[in-house]
Amino acid sequence: MKPNIFHIIGGGIAGLASAIAVTNAGHQAILLEKAAKFEAFGAGLQLGPNAVRALQQLGAWDAVSPITASPPEILIRNGVNGKILKRIMLGKSFEQRFGMPYRVAHRADLVQALLKVAQSKPNISIATNSEVLDHTIYKNVIAADGIWSKTRQSLFPGTAAIIMPEFFYRTLVPSLVSDCITLWLYPGGHVVHYPIGNPAKLNLIAITQGQTPQIHFAKACDALKHILAQAAEWTTWPAAYVPPLKNWNDGNVTLIGDAAHGTLPYLAQGAAMALEDAAGLAQALISEEKIDKAFHSLSQSRTERTTAVHKASLRTGKIYHLPTALAGPRNMVIQMLPSQLNLKQSEWIWLDKKNAGRG
Ligand SMILES: Cc1cc2nc3c(=O)[nH]c(=O)nc-3n(C[C@H](O)[C@H](O)[C@H](O)COP(=O)(O)OP(=O)(O)OC[C@H]3O[C@@H](n4cnc5c(N)ncnc54)[C@H](O)[C@@H]3O)c2cc1C
1 MKPNIFHIIG
11 GGIAGLASAI
21 AVTNAGHQAI
31 LLEKAAKFEA
41 FGAGLQLGPN
51 AVRALQQLGA
61 WDAVSPITAS
71 PPEILIRNGV
81 NGKILKRIML
91 GKSFEQRFGM
101 PYRVAHRADL
111 VQALLKVAQS
121 KPNISIATNS
131 EVLDHTIYKN
141 VIAADGIWSK
151 TRQSLFPGTA
161 AIIMPEFFYR
171 TLVPSLVSDC
181 ITLWLYPGGH
191 VVHYPIGNPA
201 KLNLIAITQG
211 QTPQIHFAKA
221 CDALKHILAQ
231 AAEWTTWPAA
241 YVPPLKNWND
251 GNVTLIGDAA
261 HGTLPYLAQG
271 AAMALEDAAG
281 LAQALISEEK
291 IDKAFHSLSQ
301 SRTERTTAVH
311 KASLRTGKIY
321 HLPTALAGPR
331 NMVIQMLPSQ
341 LNLKQSEWIW
351 LDKKNAGRG
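In our numbering, the protein residues as written are 1 to 359.
In structure tokens, the structure reads:
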């Protein structure tokens, strides 16, 4: 394919990674971000081995790796009585099995690291304060404008994000109760925390059915209540997802990242999917002769996987949020399953075999 110019709408993880992918494939990228600057919004992100692999494929891992932390294990705990239900070790043998480590990072640090990579490339220009109101004024468009994407709704009417009854509450607290990724299961909701940033703070996420965490988790064990009590203020928003699309492109316009497949975060895979999309975009632009064909081939190669992740996230949320009557049997199953089986069940996500061997 001859070198082309691509306009990228949105400078989140998908947009920045796409700009890098476009130039890796020998083209020029103009990234348009509506915000006045790359704000330090958001909090923690888990980067499973597939996310790390995609960052390596994009040539961005060396820049990202130093801003990540390496939690030693994932702990699953019963939020009612504090019992540890499962430990999943994330050390050397995990890394050997999946070929890449499991890391966590502050979203703002990840965005800054990707921005640094993008800024180091002469073929990427970046404009902030640049909201795109009509994508049709550009020829070759990669829309990375997030879960509420206007481009998606204009290309594919009737695809507004679906709002769920659950609410996310997110904050950072100074006290580091643990260096693990800890998941607390509780009827109708759950809590996740792990340390991120430098100096490290505890990234705390609570999912409820709308009530504040203090009210929803009022009958939690003392250890969980103590952690939640550290939160001075929360950022809150409703859970939402994009109804799975069979196709993301229309001619020379494609969606990417959350704009294409915004999912519920219960498998911690939204950003990972965006990074995989971008790695796939570079491949498609290299393999195909025409832009519309490359965009179509990207969408064809990704929709099955992103839809499977979406369905599995939805299912995981239902399991995490089971009511009291069903929580006991669920906890017993979690305790009984050997952690090797948990790893096996996550293999399709973390060791995407189609993608793992790619350079
Ligand atoms: C509670 C929670 C926890 C999560 N945890 C994880 C996790 O552990 N691991 C993981 O992999 N994922 C996780 N995710 C998902 C992850 O945050 C998202 O999938 C990812 O950030 C999506 O990136 P994006 O670039 O596609 O979209 P966004 O981050 O939404 O970026 C879109 C960008 O486009 C810009 N924009 C929008 N419209 C326009 C326009 N018209 N013109 C110009 N610019 C525009 C916006 O300002 C924004 O900068 C989590 C999500 C939530 C809600």
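Ideal Cβ placement from N, Cα and C applies to all residues, glycine included. On a predicted model such as this, the values are computed, not experimentally measured, just so you know.
Below 8 Å on the Cβ atoms is my contact criterion, and I expect T235 with K121 to pass it. Report the Cβ-Cβ distance as a whole number of Å.
About 32 Å separates the two Cβ atoms, so there is no contact after all.
What residue range does the beta strand (DSSP E) around Q46 cover?
G44 to L47
From L224, H135, D134 and Q112, residue whose alpha carbon lies closest to that of F38
Q112
Considering only residues of the same chain and omitting the five flanking positions on each side of E233, which have a CB-CB separation below 8 Å?
T171
How about W234: is its C-beta nearer than 7 Å to some C-beta of chain B?
Here there is only one protein chain, and chain B is not present.
Quick one: is I163 buried, meaning 16 or more other Cβ sit within 10 Å of its Cβ, or exposed?
exposed
Spatial neighbours of A223 within its chain, please: CB distance less than 6 Å, with the 5 preceding and 5 following residues excluded, ordered by chain position.
G82
Which word fits P3, buried or exposed, when buried means at least 16 other C-beta atoms lie within 10 angstroms of its C-beta?
exposed
Just to confirm, are S299 and E288 a CB contact at a threshold of 7 Å?
no
Would you kindly report the start and end of the unbroken beta strand (DSSP E) that includes E73?
E73 to N78
Among K290, A239 and N342, whose alpha-carbon lies nearest the alpha-carbon of G270?
A239
Shorter than 6 Å, the distance from the beta carbon of I13 to the closest heavy atom of ligand 1, or not?
yes
Buried or exposed, going by whether 16 or more other CB atoms sit within 10 Å of the CB of V333?
exposed
Distance cut-off 6 Å: G257 Cβ against heavy atoms of ligand 1
yes
Within this structure, are the beta carbons of I291 and A144 separated by less than 7 Å?
no
Looking at the unbroken alpha helix (DSSP H) that takes in E304, where does it start and where does it end?
I291 to Y320
So what does DSSP say about P195, is it helix, strand or coil?
strand
Roughly how many angstroms separate the alpha carbons of P338 and M89, rounded to a whole number?
12 Å
Ligand 2 and A144: does any heavy atom of the ligand fall closer than 6 Å to the residue's C-beta?
No copy of ligand 2 appears in this structure; the ligands present are ligand 1.
Give me the DSSP bridge partner(s) of S125.
I30
Which value, in whole angstroms, describes the spacing of the CA atoms of K114 and I30?
A small correction: the amino acid at residue 114 is Leu; Lys does not occupy that position in the sequence shown. Straight-line Cα distance between these residues: approximately 15 Å.
From the DSSP secondary-structure annotation, give me the bridge partner or partners of W237.
F168
Status (buried if at least 16 other CB within 10 Å, exposed otherwise) for W350
buried
So for N50, helix, strand or coil by DSSP?
helix
Whose C-beta lies closer than 8 Å to the C-beta of W237 among residues of the same chain, with five residues either side of it excluded?
F167 and F168
I286 and A17: beta carbons closer than 7 Å?
no
Quick one: what's got a C-beta closer than 7 Å to L85's C-beta in the same chain, skipping five residues either side?
I76, R77, N78, N331, I334 and Q335
Out of V141, G262, G42 and I207, state which residue places its alpha-carbon closest to the alpha-carbon of L322.
I207
Count the C-beta pairs between the stretch 118-132 and the stretch 92-103 that are closer than 8 Å, then say yes if the count reaches three, no if not.
no
Runs of 3 residues minimum, wholly inside the stretch 126-167: which ones carry the beta strand (DSSP E) assignment?
141-143
Close beta carbons around I126, own chain, < 6 Å, minus the five adjacent residues each side
L31
Of all the options C180, Q283, G12 and M1, which has the alpha carbon lying nearest to the alpha carbon of D258?
G12
Would a C-beta distance cut-off of 7 Å place G317 and N203 closer than the cut-off?
no
By how many angstroms is the C-alpha of V141 removed from the C-alpha of A278?
14 Å
Given H190, which residues of its chain have a CB within under 8 Å of its CB, disregarding the five upstream and five downstream residues?
G79, L183, W184, A206, I207, Y320 and H321
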